[in-house]
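Asks: Here it is: the structure, laid out below.
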Amino acid sequence: MNPQQESNADEFSAQIAAAVAQYGAVSGELQSVLNAMKAKIRRLFVGSEVQPLFITGRVKSALSFQAKASRRLQEDADSAPVLEFPNPLREVHDMVGIRIIVMLPHEIQQVASLIKSHREAFDCRSDREKDIGSVESGTYGYSSRHLLLKTRNEPTVRRFQEALGKNVVPSGNFIFEVQIRTILQHAWSEMEHDIRFKHPGEAAWNPQIDRHFTATSAMLETVENYFTDIDELYHRLNGYHDKNGLGAAKLTGEKIGEIWQTLLPHVDRKRDDDWSWAAELLGAHGIDATWQLVGLLDADVVREVRAALDHRYSPGPDRLLDDVLLWRFGKAHIEKTSGSDLRREASLSRRLIQMNDYRSSPKS
């Protein structure tokens, strides 16, 4: 470093020390800003479809503020370094930070959209996904949605700005950061932060540690995908049972196939998409709505039918549906679906006898 650069460094040190001292003096006002922002954000979710698991926040520590205020930029080896944040108390935007933790990845978008839609409360100045670079490069790592929000005429902000002194106009406008993560992303980032940033050193950046963090990030993404599938399946099934909603949908061959593949995907060996015979069997008993078929294909009933008939092979959908209807309606099923087919009538009668014997036998 040449004498001119050294002089700059000394000048920066004094400037940074003054900023850090002033930051410590106004930390109480920043805490009030944080409390007000948490309360305002919590109110946004009252009556909302999406509900965070929890909302937390922090005021940047003096040590962390000093580290950020000390950042220097240098265009090339011959140029003098400059401070990245010459006025850190006005230019550092994460002095106040709020974290919103949700259950599933799709809720991140819902939360971000909800916050951004309340323009009367906040002006969103930036919205970025911290993992977008990892996704595009095919790697894994830190994941979080970051919003920079600007307050509007906030009283606690004005008090903070008044505490800074005459050089700052107490406008009530202030930029702070909101991070939105899933619970698994949060756990991963807290673990990484604890090892790599709370206890910095060469050991924290060992290639083996880096490899393990990458592996766990990939595994957590897989787990989140499974949780998302579970959530989607639950809501679909819940809808099927809703007699006034999705459950009221009339049964068609296509709908029967969809329901079957949702409830019994392991029993689907049809070589085609023709579910017309299944529709005929159901129609014979007046079963024409989604909720009725879902109730018929109860998992316990399917297990009982399998045990009663002791199938030598795993039956396909048409045969299993036929057996479930026979279990449910007995002789009425034979009468309504056999017609003049004596072979079918005899087969159904034999299976019904097996079912009745099973029902009457003592269960261990």
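Mapping of the sequence shown onto the numbering used here: residues 2 to 365, in sequence order. All residues carry an ideal CB built from backbone N, CA and C; glycine is no exception.
(1) Could you say which of Asn174, Phe86, Phe55, Val169 lies nearest to Glu121 if we only look at CA atoms?
(2) So what does Thr152 bridge to, in DSSP terms?
(3) Based on the DSSP output, what are the partners of Gln180 in its beta bridges?
(4) Suppose the cutoff is 7 Å on Cβ atoms and the five residues either side in sequence are ignored; what does the same chain contact list for Leu297 look like?
(5) Could you give the C-beta distance for Ile181 and Val93, rounded to a whole number, given that I count them as a contact under 8 Å?
(6) Quick one, which of Pro53, Phe177, Ala15 has its alpha-carbon nearest Leu31's?
(7) Could you tell me whether the Cβ atoms of His119 and Leu45 are closer together than 8 Å?
(8) Report the start-end ranges of each alpha helix (DSSP H) in the region 237–318 that is 4 residues or longer and not cut off at the edges.
(9) Short of 7 Å in beta carbon distance, which residues of its chain neighbour Arg237, apart from the five on each side in sequence? Order them along the chain.
(10) By the three-class DSSP mapping on this structure, what secondary structure does Leu105 have?
(11) Report back the beta-carbon spacing between Ala309 and Tyr359 to the nearest angstrom; my notes put them in contact at under 8 Å.
(12) Please classify Tyr241: is it buried, with 16 or more other beta-carbons within 10 angstroms of its beta-carbon, or exposed?
(13) Suppose you measure from the CA of Thr215 to the CA of Val51; what does that come to, to the nearest Å?
(14) Just the Cα atoms here: how many angstroms apart are Val27 and Met38?
(15) Can you look up Thr229 in the DSSP assignment and give me helix, strand or coil?
(16) Using a 10 Å radius around the Cβ and a threshold of 16 neighbouring Cβ atoms, would you call Val179 buried or exposed?
(17) Let me check you understand the geometry: is the CB of Ser33 closer than 7 Å to at least one non-hydrogen atom of the ligand SAM?
Replies: The short version:
(1) Walking along the sequence shown from the start, residue 121 turns up at place 120. With distances taken between Cα atoms, Glu121 lies closest to Asn174.
(2) The residue labelled residue 152 in the question sits at position 151 within the sequence shown. Paired residues: Phe123.
(3) In the sequence shown, counting from the first residue as 1, residue 180 sits at position 179. Under DSSP, Gln180 takes part in a beta bridge, and its partners are Arg100, His147.
(4) Position 296 of the sequence shown, counting from 1, holds the residue named residue 297. Listed in chain order, the non-local C-beta contacts of Leu297 below 7 Å within the same chain comprise Ile288, Val325, Arg329, local neighbours out to five positions each way being set aside.
(5) Here residue 181 is taken as the residue at index 180 of the sequence shown, counted from 1. Here residue 93 is taken as the residue at index 92 of the sequence shown, counted from 1. Cβ-Cβ separation between Ile181 and Val93: approximately 20 Å, too far for a contact (criterion under 8 Å).
(6) Within the sequence shown, numbered from 1, the residue matching residue 31 stands at position 30. That would be Phe177, whose Cα lies nearest to the Cα of Leu31.
(7) Reading the sequence shown from its first residue, position 118 is the one you call residue 119. Reading the sequence shown from its first residue, position 44 is the one you call residue 45. Contact flag set, yes.
(8) Within the region 237–318, the alpha helix (DSSP H) runs of at least 4 residues that lie entirely inside it are, in chain order, 254–264, 277–284, 291–297, 300–310.
(9) Translated into the one-based positions of the sequence shown, residue 237 becomes position 236. Once the five neighbours on either side are set aside, the close Cβ partners of Arg237 are Thr263.
(10) Counted from its first residue, the sequence shown places residue 105 at position 104. For Leu105, the secondary structure class from DSSP, reduced to helix, strand or coil, is coil.
(11) In the sequence shown, counting from the first residue as 1, residue 309 sits at position 308. In the sequence shown, counting from the first residue as 1, residue 359 sits at position 358. Indeed they touch by this definition, with Cβ atoms about 4 Å apart.
(12) The sequence position of residue 241 within the sequence shown is 240, counting from 1. With 16 or more other Cβ atoms within 10 Å, it is buried.
(13) The residue you call residue 215 lines up with position 214 of the sequence shown. The residue you call residue 51 lines up with position 50 of the sequence shown. C-alpha separation (whole angstroms): 30 Å.
(14) Position 26 of the sequence shown, counting from 1, holds the residue named residue 27. Position 37 of the sequence shown, counting from 1, holds the residue named residue 38. Cα to Cα, the separation comes out at about 17 Å.
(15) Sequence index remark: in the sequence shown, residue 229 carries index 228 (1-based). DSSP places Thr229 within a helical segment (H, G or I) once states are collapsed to three.
(16) Along the sequence shown, read from residue 1 onward, the residue named residue 179 stands at position 178. Per the 10 Å Cβ criterion, buried.
(17) Annotation note on the ligand SAM: not contained in the displayed structure, which lists no ligands.
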